[in-house]
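*Asks:* So that we are looking at the same thing, I have put the structure below in structure tokens.
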Amino acid sequence: MRYLPAIVVGRLARFGVRLIRPGGGSALPGLVLSKIAPGILKQTFSRFTDGLVIITGSAGKSTTTKMVVAIARAHGAEVFTNPSTANIKQGFYSSILERSNLFGRVKGTVAILEMDEGHAAEIVRDLTPRIVTVMNVVEDQLDRFIDPALVRDKLALVAQAATEHLIMNADDQNLLQIAASRPRALQHWFGVADKTQVASLGYAPTYLPPLEVPNCTSTVLELKNRKVRIASHGKMVDFELPSRGLHFALDAAAALETAKQLLGGRFDVKLAQETLASLPPVFARGEIVTINGVEVEFTLVQNPISTQLNIDNLPSGLERVLFAIGRDVHDPSWLWTVEPKNLQTVDVVTGFNAAEAELWLRHHGFNPSLATDDLALAFEYWMALPEPTNSMRTVVFSADAMRRIRRMLGFTSPDEVQR
Amino acid sequence: MTTSSKGRVVLGSVFGNRLNLNGDQGNLLALKKYLEVAGFEVEVIAVGDTSAAVNAHFLLFGHGSQAAMNSIDARLEKMDWQVVTAAVPGLAVGSAVEWLAATNLLAPVKRRAERVSKFETGELGNLRVLGYRNSDSDLPNIQMHNQFIATMLHGPVLAKNPRLLHKAAQAAVKCAGLEFPKVAPETLSAWVEQLNQISERIWALETDETFVKLELV
């Protein structure tokens, strides 16, 4: 009853926002709720009988969260989770608004949450997560985070909050530093078997003598195209990844380890395998949509390393590429850390930062035929270009450009993924 | 159209594999491309000591993470920066500028209460320069020390400021004992036209100040 007025006000705010902008605006209603009922977050997340799981880190947390949620649900758990577009503080309030009854009560036996690495430390001050999964530290959003060492410090605070299980990436030396101050009994590790591949994953270098890599209980053994083999607690898990790339295979290893620790004796590895095999891609990570009868692949890039990895993992020889960098990239300087060698052509550059992206691309020898910040014009022009003969039309975009393009195309729900 | 080589210019990257946190190495890419379309052969070398540094005709000393700077601190200290900055033109960015300031080559750093993380402009002689500043120091956005441009504006500052790029290219060519073409080759004019157009759009997006085009003869 205590939170009834706040929930009503929050929902009115959400209704108003959606009238103005269909498909958008989860942040403002959450902000409103956080101001008038700040205690609802702690109350909500302390009520789940199977506890709270937090998945954080620089990259891969959306995919991993979706995988853990799917595995848990396949095992019969009633899961509360947040959309990946709502992984900062007001986003959690928005998720509560979305899923609670009028009294602020949310159904579910377990909460599995993706948390932004910059906000997680502050949020967990009021929470007691049973499980914390930390993916990695990469050089990302330096306009916000300044230096990877500061991200590592924030993630260390989140790791300290784990009461039962701390699950981390054994191949990231930053996380091995964090582990040094945590009880060994809490720690569980995932990683890749072939350590020569680690450098390609782009974790922020510590430039220190390497710490000894711990034994992993979930390990990526093999990846061929999208077919992956992961050993998890002595059992083989074979399936086809929903998206391309070793980083997605590692996300799956993290998800298997997290689900195993969450479900304990109830964990059925065959069921987990079947669940992972049937997952659609997280939106815009290798998602294929049909636009006016034409298949188009969407690839989201969010930071230097995800841009590098996603470009590297695109099929080579793509003939029709639209590259869009939006307003979310406050300092586009990091584009210049990326080598777009795997791209053969870029037809169109667009988004708020079209000029910055064009400058970078032209220095790498690309000659886009159109560069404009007008997304609608760019997309229409690009779709009118002749069909590619040997490849699929591919859009590479940042999160802001992705949201605007999806909204423009009428994909109003961020979780609405075609496959 | 390729012109015959007007000579060889060597660009040096000071610990470039560690000092590229914000894409500062893009400045070498911009300078290399500019010199190549102007008709020069360009070689990029890795620099980790004074003797390698003075063999270059332009040096880039980029911004690195705390971990990267800590890892090279001892080797940077062994370099004679007074000699290097006097002998070779260069560009120092962000943490590199702070490092030079800490060695008393520049005015010492004072910390501001507030970190600035936004696009800003700076003045270098008659040039206005645009770039992204992410710093809590009081160091100016851009200044000169000997032949070094020292800037807190990181990323591809040369690429988006064609007049500064031209100044850097002229300095590199002079250091190599060569002459910049008195009449711009067609390839260079076309490239400058593109740089001007794109940079003007970036300036319009990030500042109220007017972009001044690079005009070549």
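Chains as they are written, first to last, in our numbering: chain A, 1 to 419; chain B, 1 to 217. In this text, a Cβ means the ideal position worked out from N, Cα and C, and glycines have one as well.
1. Would you kindly work out how many angstroms separate the C-alpha atoms of lysine 107(A) and glycine 51(A), rounded to a whole number?
2. Per DSSP, which residues does glutamine 143(B) bridge with? Please list them.
3. Looking only at its chain, what residues have a beta carbon closer than 8 Å to the beta carbon of alanine 30(B), apart from the 5 residues adjacent to it on each side?
4. For the beta strand (DSSP E) that contains isoleucine 112(A), what are its first and last residues?
5. Is there at least one Cβ from chain B nearer than 8 Å to histidine 165(A)'s Cβ?
6. Apart from the five residues on each side of it in sequence, which residues of its chain come closer than 8 Å, Cβ to Cβ, to threonine 217(A)?
7. Whole angstroms is fine: what's the gap from serine 200(A)'s alpha carbon to threonine 163(A)'s?
8. Is it the case that the region 125-142 of chain B contacts the region 170-185 of chain B, given that we only count it when at least three CB pairs across the two stretches are under 8 Å?
9. If I follow the unbroken beta strand (DSSP E) through tyrosine 218(A), where does it start and stop?
10. Based on the DSSP secondary-structure assignment, which residues constitute the bridge partners of tryptophan 189(A)?
11. I'd like the ranges of any alpha helix (DSSP H) spanning at least 4 consecutive residues and lying wholly in the region 76-134 of chain A.
12. Name the residue from Asp331(A), Phe411(A), Ala253(A) whose alpha carbon lies nearest to the alpha carbon of glutamine 141(A).
13. Along chain A, which residues have their Cβ under 7 Å away from the Cβ of lysine 33(B)?
14. Quick one: is arginine 111(B) buried, meaning 16 or more other Cβ sit within 10 Å of its Cβ, or exposed?
15. How would you list, in chain order, the residues of chain B whose beta-carbon sits under 7 Å from the beta-carbon of aspartate 147(A)?
16. Could you check whether the Cβ of alanine 355(A) sits closer than 8 Å to any Cβ belonging to chain B?
17. Would you decide whether isoleucine 20(A) is buried or exposed? Buried here means 16 or more other CB atoms lie within 10 Å of its CB.
18. Indicate whether glycine 351(A) and alanine 384(A) have their beta-carbon atoms separated by less than 8 Å.
19. For isoleucine 198(B), which residues from the same chain have a beta carbon less than 6 Å from its beta carbon, with the 5 sequence-adjacent residues on both sides left out?
20. Span of the alpha helix (DSSP H) holding methionine 383(A)?
21. List the residues of chain A whose Cβ lies closer than 7 Å to the Cβ of leucine 205(B), in chain order.
22. So, helix, strand or coil for asparagine 196(B), using DSSP?
23. I'd like to know if asparagine 22(B) contacts chain A, where contact means its C-beta is closer than 8 Å to some C-beta of that chain.
24. Kindly indicate which residue of Thr394(A), Met115(A), Glu274(A) has the alpha-carbon position closest to the one of valine 346(A).
25. Using Cβ-Cβ distances below 7 Å, what residues of the region 357-389 of chain A are close to chain B?
26. Consider the Cβ of threonine 2(B): report whether some Cβ of chain A lies at a distance smaller than 8 Å.
27. Quick check on the DSSP output: the beta strand (DSSP E) that includes arginine 393(A) runs from which residue to which?
28. Quick test of the definition: if touching needs 3 or more C-beta pairs under 8 Å, does the region 60-71 of chain B touch the region 12-23 of chain B?
29. May I ask which residues mark the beginning and end of the alpha helix (DSSP H) holding phenylalanine 239(A)?
30. Just by C-beta distance, which residues in the region 332-343 of chain A are closer than 7 Å to chain B?
31. Can you name the start and end residues of the beta strand (DSSP E) that glutamate 287(A) belongs to?
32. 8 Å is my cut-off, CB to CB: does alanine 37(A) come that close to chain B?
33. Which term fits proline 368(A), buried or exposed, when burial requires 16 or more other beta carbons within 10 angstroms of its beta carbon?
34. In terms of DSSP beta bridges, what is phenylalanine 119(B) paired with?
35. Pop quiz: isoleucine 72(B) and phenylalanine 15(B) are said to be a contact at Cβ under 8 Å. What is the actual Cβ separation, rounded to whole angstroms?
36. Do alanine 6(A) and threonine 56(A) have their CB atoms nearer than 8 Å?
*Replies:* Short version:
1. Indexing the first sequence from 1 puts residue 107(A) at position 107. Indexing the first sequence from 1 puts residue 51(A) at position 51. Cα to Cα, the separation comes out at about 13 Å.
2. Within the second sequence, the letter at position 143 stands for residue 143(B). Its beta-bridge partners are Ala150(B).
3. Locating residue 30(B) in the second sequence gives position 30, counting from the first residue. Only Pro156, Leu158, Ala159, Leu165 meet the Cβ criterion.
4. On the first sequence, residue 112(A) is found 112 positions in, with the first residue counted as 1. 110-114 is the extent of the beta strand (DSSP E) around isoleucine 112(A).
5. As a working note, residue 165(A) is residue 165 in the first sequence. The beta-carbon of histidine 165(A) is placed no less than 8 Å from the nearest beta-carbon of chain B.
6. On the first sequence, residue 217(A) is found 217 positions in, with the first residue counted as 1. Once the five neighbours on either side are set aside, the close Cβ partners of threonine 217(A) are His188, Trp189, Phe190, Ser232, His233, Glu257, Lys260.
7. Residue 200(A) sits at position 200 when you count from the first residue of the first sequence. Residue 163(A) sits at position 163 when you count from the first residue of the first sequence. If you take the alpha carbons of serine 200(A) and threonine 163(A), they lie about 32 Å apart.
8. no
9. For the purposes of this step, residue 218(A) is identified with residue 218 of the first sequence, where counting begins at 1. This sequence places serine at residue 218(A); tyrosine is not what is there. Its beta strand (DSSP E) spans residues 218-224.
10. Along the first sequence, one-based indexing puts residue 189(A) at 189. Bridge partners of tryptophan 189(A): Met168(A).
11. Listed in chain order, the complete alpha helix (DSSP H) runs (minimum 4 residues) inside the region 76-134 of chain A are 89-99, 120-124.
12. Start at 1 with the first residue of the first sequence, and residue 141(A) comes out as number 141. Closest option to glutamine 141(A), Cα to Cα, is Asp331(A).
13. For the purposes of this step, residue 33(B) is taken as residue 33 along the second sequence, with counting starting at 1. His363, listed in chain order.
14. The residue labelled residue 111(B) in the question sits at position 111 within the second sequence. So arginine 111(B) counts as exposed.
15. In the first sequence, the residue the question calls residue 147(A) occupies position 147. Neighbours of aspartate 147(A) on chain B, chain order: Ser65, Gln66.
16. Translated into the one-based positions of the first sequence, residue 355(A) becomes position 355. Chain B contact via Cβ: present.
17. As a position in the first sequence, residue 20(A) is number 20, starting the count at 1. Isoleucine 20(A) counts as exposed, since fewer than 16 other beta carbons sit within 10 angstroms of its beta carbon.
18. Taking the first residue of the first sequence as position 1, residue 351(A) is located at position 351. Taking the first residue of the first sequence as position 1, residue 384(A) is located at position 384. Going by C-beta atoms, glycine 351(A) is not nearer than 8 Å to alanine 384(A).
19. The residue you call residue 198(B) lines up with position 198 of the second sequence. Same-chain partners within the cutoff: there are none.
20. The residue given as residue 383(A) occupies position 383 in the first sequence. Element bounds for methionine 383(A): 375-384.
21. For this step, residue 205(B) is matched to residue 205 along the second sequence. Neighbours of leucine 205(B) on chain A, chain order: Ala355.
22. Residue mapping note: residue 196(B) aligns to position 196 of the second sequence, counting from 1. Residue state, collapsed to three classes: helix.
23. Locating residue 22(B) in the second sequence gives position 22, counting from the first residue. It does: the Cβ of asparagine 22(B) has a partner Cβ on chain A nearer than 8 Å.
24. Start at 1 with the first residue of the first sequence, and residue 346(A) comes out as number 346. Checked all of Thr394(A), Met115(A), Glu274(A); the closest Cα to valine 346(A) is Thr394(A).
25. Within the region 357-389 of chain A, the qualifying residues are Glu358, Leu359, Arg362, His363.
26. Position 2 of the second sequence, counted from the first residue, corresponds to residue 2(B). Since pLDDT at threonine 2(B) reaches only 46, below the 50 mark, its modelled position is unreliable, and no value is offered.
27. Start at 1 with the first residue of the first sequence, and residue 393(A) comes out as number 393. Where arginine 393(A) is concerned, the enclosing beta strand (DSSP E) stretches over 393-397.
28. Touching, yes.
29. As a position in the first sequence, residue 239(A) is number 239, starting the count at 1. Here phenylalanine 239(A) belongs to no alpha helix (DSSP H); instead the beta strand (DSSP E) covers 235-240.
30. Listed by position, the residues of the region 332-343 of chain A near chain B (Cβ gap below 7 Å) are Ser333, Trp334, Leu335, Trp336, Thr337.
31. As a working note, residue 287(A) is residue 287 in the first sequence. 285-291 is the extent of the beta strand (DSSP E) around glutamate 287(A).
32. Against the first sequence, residue 37(A) aligns to sequence position 37. Not closer than 8 Å to any Cβ of chain B, the Cβ of alanine 37(A) fails to qualify, so no.
33. Residue 368(A) sits at position 368 when you count from the first residue of the first sequence. By the 10 Å Cβ count, proline 368(A) comes out buried.
34. Here residue 119(B) corresponds to residue number 119 of the second sequence, with the count starting at 1. Answer by DSSP bridge pairing, in chain order: Tyr132(B).
35. Taking the first residue of the second sequence as position 1, residue 72(B) is located at position 72. Taking the first residue of the second sequence as position 1, residue 15(B) is located at position 15. That pair is a contact at about 5 Å.
36. Start at 1 with the first residue of the first sequence, and residue 6(A) comes out as number 6. Start at 1 with the first residue of the first sequence, and residue 56(A) comes out as number 56. Contact flag unset, no.
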